[in-house]
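Those protein sequence lines, which keep their order, are chains A and B. Take the first sequence: its letter number 390 is residue 702 in this note's numbering, and every next letter is one higher. Take the second sequence: its letter number 325 is residue 319 in this note's numbering, and every next letter is one higher.
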Amino acid sequence: MTGVRAVHKALNKLGLAGIEVSSRHQAVVLEGEVESWDQYVAAGYAAAGKGFRGVVNDIQVNGLQGDTPYLPPDRDNSLEGEDFDAVIIGGGVVGCAVARELTRWNLRIALVEKEDDVAKQASSRNNGMIHPGLAPSRGTKKLDYNLRGNEMYSQAAAELGFELKRCGSLVLLEKPWYRLFQPAIKAWATKKGVPGIESISRQSVQQREPRVTSRQQGALFLPSTGVVAPYKVTMAYAENAVENGAQVFLNTAVLGFDMDRDRIRGVITNRGVLQSGVVINAAGVWADRVAAYAHDRFFTIHGRKGTIAILDKNTSSLQKYVLGMPQLVSKTHSKGGGVNPTVEGNLLMGPNAVEVPHREDWGTTPQDMEYLVQRLMGLNTSLKRGDIITYFAGVRACTFEEDFIIQPSDSVQNLVHAAGIQSPGLASAPAIAQDVAQMAVNILQRRREVKPNPTFRPQRRVVPDLSRLSFSERAELIRKNPAYGRIVCRCEVISEGEIVDAINGPVPATNLDAIKRRVRAGMGRCQGGFCTPSLVEIVARETGLKPQEVCKGRPGSNLLAAETKAPGREANV
Amino acid sequence: MSSMESWDVIVIGAGPAGLAAALAAHGAGARVCIVEREVRPGGILKQCIHDGFGLVRFEQKLSGPEYAWHDIRAVRDAGIQLYTDTFLLQLEREEGFVLTLQNKERAVFQLKARALVAATGCRERTSRQVFIYGQRPAGVYTAGTVQRLINIQGYLPGRRCVILGSGDIGLIMARRLTLEGAEVVGVYEIKAEPSGLSRNIVQCLEDYNIPLHLAQTVTAVHGSERVEGVSICRVGPDLRPIPGTEEYIPCDTLILSVGLIPENDILRPLGVELDRRTGGPRVDQRLHSNVPGLFSCGNALHVNDLVDYVSESGETAGKAAAEFALGGRKTPQRVPLLARGNIQYVVPQYLDLEHNAPAVIYFRGECTLSRVEMHLLSGEKVLMRRRYAVIRPPEMERVVLNPAELTESNEIIISLGG
Chain A
313 MTGVRAVHKA
323 LNKLGLAGIE
333 VSSRHQAVVL
343 EGEVESWDQY
353 VAAGYAAAGK
363 GFRGVVNDIQ
373 VNGLQGDTPY
383 LPPDRDNSLE
393 GEDFDAVIIG
403 GGVVGCAVAR
413 ELTRWNLRIA
423 LVEKEDDVAK
433 QASSRNNGMI
443 HPGLAPSRGT
453 KKLDYNLRGN
463 EMYSQAAAEL
473 GFELKRCGSL
483 VLLEKPWYRL
493 FQPAIKAWAT
503 KKGVPGIESI
513 SRQSVQQREP
523 RVTSRQQGAL
533 FLPSTGVVAP
543 YKVTMAYAEN
553 AVENGAQVFL
563 NTAVLGFDMD
573 RDRIRGVITN
583 RGVLQSGVVI
593 NAAGVWADRV
603 AAYAHDRFFT
613 IHGRKGTIAI
623 LDKNTSSLQK
633 YVLGMPQLVS
643 KTHSKGGGVN
653 PTVEGNLLMG
663 PNAVEVPHRE
673 DWGTTPQDME
683 YLVQRLMGLN
693 TSLKRGDIIT
703 YFAGVRACTF
713 EEDFIIQPSD
723 SVQNLVHAAG
733 IQSPGLASAP
743 AIAQDVAQMA
753 VNILQRRREV
763 KPNPTFRPQR
773 RVVPDLSRLS
783 FSERAELIRK
793 NPAYGRIVCR
803 CEVISEGEIV
813 DAINGPVPAT
823 NLDAIKRRVR
833 AGMGRCQGGF
843 CTPSLVEIVA
853 RETGLKPQEV
863 CKGRPGSNLL
873 AAETKAPGRE
883 ANV
Chain B
-5 MSSMESWDVI
5 VIGAGPAGLA
15 AALAAHGAGA
25 RVCIVEREVR
35 PGGILKQCIH
45 DGFGLVRFEQ
55 KLSGPEYAWH
65 DIRAVRDAGI
75 QLYTDTFLLQ
85 LEREEGFVLT
95 LQNKERAVFQ
105 LKARALVAAT
115 GCRERTSRQV
125 FIYGQRPAGV
135 YTAGTVQRLI
145 NIQGYLPGRR
155 CVILGSGDIG
165 LIMARRLTLE
175 GAEVVGVYEI
185 KAEPSGLSRN
195 IVQCLEDYNI
205 PLHLAQTVTA
215 VHGSERVEGV
225 SICRVGPDLR
235 PIPGTEEYIP
245 CDTLILSVGL
255 IPENDILRPL
265 GVELDRRTGG
275 PRVDQRLHSN
285 VPGLFSCGNA
295 LHVNDLVDYV
305 SESGETAGKA
315 AAEFALGGRK
325 TPQRVPLLAR
335 GNIQYVVPQY
345 LDLEHNAPAV
355 IYFRGECTLS
365 RVEMHLLSGE
375 KVLMRRRYAV
385 IRPPEMERVV
395 LNPAELTESN
405 EIIISLGG
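Structural data, given as structure tokens:
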């Protein structure tokens, strides 16, 4: 059954008969009031899959404030009147990859990001997994983009110079009777197009991964699963985009559109109004808000938080594969996380999945940690709570349909949506970017000819990463530039030269978290205890900021309150 | 990297332990060099501008830099090679030890040693390692980082501070921040008793009217850009937060003094045996680890509360390393020294029965105990007994065992009892 009546019926079942249901532009709209966030979420899901284009969930939750995005404090007119062919809203992995794909064409491209850096939200707050495509169902965009994206990663890694470890994953089976389904799951996955899937026995799992939980009853092995550092992938796309002529504007928030009937004429930001031929909505958890600015709201994003814990590098030898033990029968919309290797040599565990009313709620809680420790840590029997060096949370941008929205707008001539991108969004990003860029070019071509960019260079100019050099290469580099000879971050062994490169890179890092995202300084087991004081001085020296103006991340996150002594002190102690 | 410089003893770290070790090794006739990752020697003493150092060793109240200067000058006078601003990239064992290092002048180079003294100190436990939840704003620092920012770089990290943990560095920073014009709202300690030295409670908190809250901890940090406040909670005897006792304290800085972790990660590839309780290598009384030729001292061996004992262990390790390198060594005949009743840990963890010099034994009690007796037993035989009016975990105890007392046995047990 489909249509408004079907939605009503589903809501009645949930005891939410008071919710008003209507249809607007082929989307179903829910209005009314409920008592809890869980009810809000349940109502949204009840309305999904009933033959509409999407679910617009406008239900109010009693006692809950409306959710609003962080906006940068700056107000100026520095971008007023700037004219671009394409404006990309959002500097996550999708936005940055779209920007890079668009630079294959001879276009003036701007990427606007409200945060102080790219990869600030879900694109740095995830487990870095390049999924094999096992989870998404046939007929979904997720499946198509995941399979294509996974395959494209090898080339992307080679061109853009980021690390990709195709370690493969073991999907562990928990119940003995699951084994009966092993052949069926394998056949189903193979039919979907998941490459190389193997069904392996309990003993074989034990051999491949000796520290695996004794609860496992066999596994599916997926050789195409990989891991990357998601923030480095995002950065690589952004930097290559900039090298090929795109411009990245940080601390720049989109506040609305100047509409000319069914066309976006101007993109209104806190830095003035930008003109644009085409606009790409890659705004992550706020993509529905951006759609609303163009009167094209046919979906609602709700946030699903996931917490991830990073383990000390001393654990790196304890596990080779991505390990997960999903619940085959599950009411949640997540596979429940696992324990992964990372490209840097740590292990990580997570993420869990918790529906949250605030989309920028990155706070961690004891409950989340308990889930990780109780439910995931035991997948590898050698891991201890004391191995945890840090933890953080991210929020997935979910639609109630649980599928990606990747399409030109049906109602706005020059808008392309890349929305509802959550897991496996990172894995899908290269493929999404390819399609979205093509959609944008098609839109531009309606009005004028779009020519290829004759100077496009797919290879990123990669600055030295000393950890990937041999000792003799390292020595040669230090002889050329002694700044590479001084180690600033002791835990991750990051030199001053690498930090200076990050500060002066194509997308400059002007705060400590931004440096961390590029070169890992402060990401090790002391969590910046030793290097923070040096980093503050290096940033101040390189950028001309006063030390007390140097921030950890966003404006306002100043690390120091004041200088206590007159200048002339001895540095570098 | 072709012609490899070769030394009898290489000391890793030029803090108080490393300096003392180098001097002792030099004094014993070894060719010794020191490698240090910072620009200047002295280790953490460089930033400890308060006094109270050297009471045992020099019978004087020195500042940290003054204390360090004593040994830095001696190292210079002795002409001991000191590589500063030099980072150890890789440590391998092959006919002794091969260290691959880098610095600005020599780029990447290798040094070879017959014996190695690891005097690598410790790092601070972080907010995440004590499981504080919430966002990750600016303004959460470990006490040692704050000390460096204020005392060496001349920066004030915040204006209204909460300190978690009553470890000595935290107490000292409470006073230091107050003197620099910041407000210290309070020091919160999860345990029912302070973890720092009594003299620091008096001199750093009581003298400045800074409240100390026992059996309370910080459970969450609030604020997304800069710290805006913290949640404080009372804890039960199990040290778990008691629900319903949360209190919000506005502040812009949270400073952690919640423990130190000996830094021995660089030694792991050598197969060194670590003590779960101290975090340092398991050693005999000459501070010799299970890896032949590898010695450990100072805070990398176990966290000390007085630098004087750090220097003492450096001397022991340096001298023993020199003897090892120069070939005067005998095959050790080790028996385990086991910490039992009411002993938190003991160093050394082995006694070498072949070594006939007084053995220094350091231990800490598990909890505060009054009128107790320490027993050192070899089978039925009492090797040593000593009465204590009070034993407090923050205060390390030190005894010296006469080698004449040591007899053939399978194990020696140290315990505290009534």
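Using N, Cα and C, we set each Cβ at its ideal position, and we do this for glycine too.
| Along the region 210 to 234 of chain B, what residues have a CB closer than 7 Å to any CB found in chain A? | Glu219 and Arg220
| query | Would you call the region 489 to 497 of chain A and the region 555 to 564 of chain A in contact, with 3 or more CB pairs under 8 Å? | reply | Under the Cβ criterion (8 Å, minimum of three pairs), the region 489 to 497 of chain A does not count as touching the region 555 to 564 of chain A.
| Whose C-alpha, out of Met661/A, Val602/A and Ala852/A, is nearest the C-alpha of Gln631/A? | Met661/A
| For the region 162 to 182 of chain B, which residues have a beta carbon sitting closer than 9 Å to at least one beta carbon of chain A? | Residues passing the 9 Å Cβ filter: Glu174, Gly175 and Ala176.
| message | Alpha carbons only, please: which of Val862/A, Leu727/A and Leu756/A is nearest the one belonging to Asp574/A? | response | Leu727/A
| field | Reference Asp395/A, options Arg577/A, Glu347/A, Gln515/A and Pro381/A, closest by Cα | value | Scanning Arg577/A, Glu347/A, Gln515/A and Pro381/A for the CA closest to the CA of Asp395/A turns up Arg577/A.
| Those residues which DSSP pairs with Asn369/A across a bridge | Leu342/A
| said: Count Cβ pairs between the region 479 to 488 of chain A and the region 524 to 539 of chain A that sit closer than 8 Å; are there 3 or more? | reply: yes
| field | Test: Ala787/A CB closer than 8 Å to a CB of chain B | value | yes
| Residues sharing a beta bridge with Ser0/B, DSSP | Paired residue(s): Lys106/B.
| Contact the region 751 to 768 of chain A vs the region 783 to 794 of chain A: 3+ CB pairs below 8 Å | Three or more Cβ pairs closer than 8 Å define a contact, and the region 751 to 768 of chain A falls short of that threshold against the region 783 to 794 of chain A.
| So does the region 229 to 240 of chain B actually touch the region 102 to 112 of chain B, counting three or more Cβ pairs closer than 8 Å? | no
| Gly253/B, DSSP secondary structure in three states | coil
| query | Does any residue of chain A bring its CB to less than 8 Å from the CB of Phe318/B? | reply | no
| task | Would you mind telling me which residues of chain A sit closer than 7 Å to Asn97/B, beta carbon to beta carbon, in chain order? | result | Gly797
| field | Arg601/A to Arg609/A span [Cα, whole Å] | value | 8 Å
| query | Can you give, in chain order, each stretch of the beta strand (DSSP E) that sits fully within the region 131 to 179 of chain B and has at least 3 residues? | reply | Those beta strand (DSSP E) runs which fall completely within the region 131 to 179 of chain B and span 3+ residues are 134 to 136 and 154 to 158.
| Contact check, Lys98/B vs Gly797/A under 8 Å by CB: the rounded distance? | 4 Å
| said: So if I threshold CB-CB distances at 7 Å, which residues from the region 110 to 121 of chain B count as touching chain A? | reply: Arg117, Glu118 and Thr120
| said: For a cutoff of 8 Å on Cβ pairs, would you count Val297/B as touching chain A? | reply: no
| Short-range partners of chain A found in the region 318 to 348 of chain B, where Cβ spacing is below 7 Å | none
| Between which two residues does the alpha helix (DSSP H) containing Phe783/A stretch? | Phe783 to Lys792
| said: I'd like to check one pair, Arg358/B with Ala427/B: are the Cβ atoms closer than 8 Å? | reply: Residue 427/B is absent from the structure shown; chain B starts at -5 and stops at 412.
| field | 7 Å CB neighbourhood of Val885/A in its chain, flanking five on each side removed | value | Note that Val885/A scores a pLDDT of 41, beneath 50, so its modelled location is shaky; the value from the coordinates is reported in the next line. So no residue of the chain qualifies.
| request: For Gly618/A, write down the residues that DSSP places opposite it in a beta bridge. | output: Gly706/A
| message | For a test of the three-state rule: what should DSSP assign to Trp417/A, helix, strand or coil? | response | strand
| said: Does Asp456/A come out as helix, strand or coil in the three-state DSSP assignment? | reply: helix
| Three-state secondary structure (DSSP) of Arg318/B | It should be noted that the sequence gives Phe, not Arg, for residue 318/B. Phe318/B: helix per DSSP, three-state reduction.
| field | Helix, strand or coil at Pro235/B [DSSP, three-state] | value | strand
| Does the beta carbon of Pro522/A come closer than 8 Å to any beta carbon on chain B? | no
| Can the beta-carbon of Pro867/A be found closer than 8 Å to that of Pro384/A? | yes
| For Thr380/A, three-class secondary structure by DSSP | coil
| request: Please name the residue, chosen from Gln197/B, Thr172/B and Arg228/B, that lies closest to Glu183/B on a Cα-to-Cα basis. | output: Arg228/B
| task | Could you work out which residue in Asp201/B, Gln210/B and Gly253/B is closest to Cys116/B when comparing CA atoms only? | result | Gly253/B
| field | C-alpha gap between Asn203/B and Glu343/A, whole angstroms | value | A straight line joining the alpha-carbon of Asn203/B with that of Glu343/A spans about 57 Å.
| request: Measure the C-alpha to C-alpha separation of Tyr352/A and Met441/A and round it to an integer number of angstroms. | output: 30 Å
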